[in-house]
Structures are given as C-alpha cells and as structure tokens.
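J.:
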C-alpha cells in the first residue's frame, strides 16, 4: 500500500513498497544501487545472463575507484550512472538497493517519485 510522499526542504523520505507478484518470472529493467559491490555485481551478472536489462550506480564509480570493474560492467552492456538519482527515471524500472546503500540516497528518492518498483536485494 502506497503512503503519501511528504518531503520537507533539506530532507528525503523513502517509503518501501511490498509486491506480491513474483518479479523474477518476467524480464525486467533493473537498476542496482551499489552495483559494484561484492554481492550486487555477481547478482547483476547472473540476472543479465537470464535476459534482464541492467543499469546501476555505485559510490566507488563516483569516486573514480576500481575503474576496471566498472569498465567490465559497461562491456557487458550495463549502463552506469552517478548516485545522484539521474539513472532512476521510469516506473518500468525495478530498483534494487544494496544493503550498504542508505535510504537517503537520491536514487531511492527518485525511484519513489518515478513510481518505480522496489525490491530488496535478498529477494532478487
């Protein structure tokens, strides 16, 4: 059940939505927040191999760290974005944040604004 979004100046509020539909049975457009992490990267590659579409963000990418890892993800066709929210724009996206990602991340706020589905990484 959706709750009304109430954002005060200088703050971001994120509501978590639960979906009963088994999302993994359909081909989806995923956006992984923290895609370069030790849990998210292999999961993204497995799901990519199953035919899903991928995009993602990662703070290490923003800081210019581990360039080879992100070049590898790009070579697999995964579009990468800064963690400023610019990659989450569509209700067709399924946003999956890493456990290391804070709820205040702009990607998460944009997911709510865009009406994107949200999924816990442990469920993906």
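Residue numbers (the working numbering): 13 to 136.
A virtual CB, placed ideally from N, CA and C, is assigned to each residue, including glycine.
Taking the DSSP output, what are the residues bridged to residue 101?
T.: Beta-bridge pairing links residue 101 to no other residue.
J.: Please report the distance separating the alpha-carbon of residue 117 from that of residue 45.
T.: Rounded to the nearest angstrom, the two C-alpha atoms are 9 Å apart.
J.: Bridge partners of residue 69, per DSSP?
T.: Residue 69 pairs with 45 and 93.
J.: Out of curiosity, what's the CA-to-CA distance linking residue 57 and residue 109?
T.: Each residue's alpha carbon lies about 15 Å from the other.
J.: Are there 16 or more other CB atoms within 10 angstroms of the CB of residue 88, so buried, or fewer, so exposed?
T.: Exposed, by the Cβ-count rule.
J.: Between the Cα of residue 132 and those of 62, 84 and 112, spot the shortest distance and give me the residue it belongs to.
T.: It is 112.
J.: Buried or exposed: residue 128, going by 16 or more other Cβ atoms within 10 Å of its Cβ?
T.: Under this definition residue 128 is a buried residue.
J.: Starting from the Cα of residue 53, find the closest Cα among 120, 103, 90 and 114 and give me that residue.
T.: Measuring from the Cα of residue 53, the nearest candidate turns out to be 90.
J.: Return yes when the Cβ of residue 74 is within less than 8 Å of the Cβ of residue 105, no when it is not.
T.: Going by C-beta atoms, residue 105 is not nearer than 8 Å to residue 74.
J.: If you check the beta carbons only, do residue 203 and residue 97 fall under 8 Å apart?
T.: Because residue 203 is not part of the residues shown, which for the chain are 13 to 136, the question remains open.
J.: Taking all protein chains shown into account, decide if residue 49 is buried (16 or more other Cβ within 10 angstroms of its Cβ) or exposed.
T.: Under this definition residue 49 is a buried residue.
J.: Below 8 Å on the Cβ atoms is my contact criterion, and I expect residue 126 with residue 101 to pass it. Report the Cβ-Cβ distance as a whole number of Å.
T.: Indeed, because the Cβ distance is near 6 Å, the residues count as touching under 8 Å.
J.: Give the straight-line distance between the Cα atoms of residue 68 and residue 78, rounded to the nearest whole angstrom.
T.: About 15 Å.
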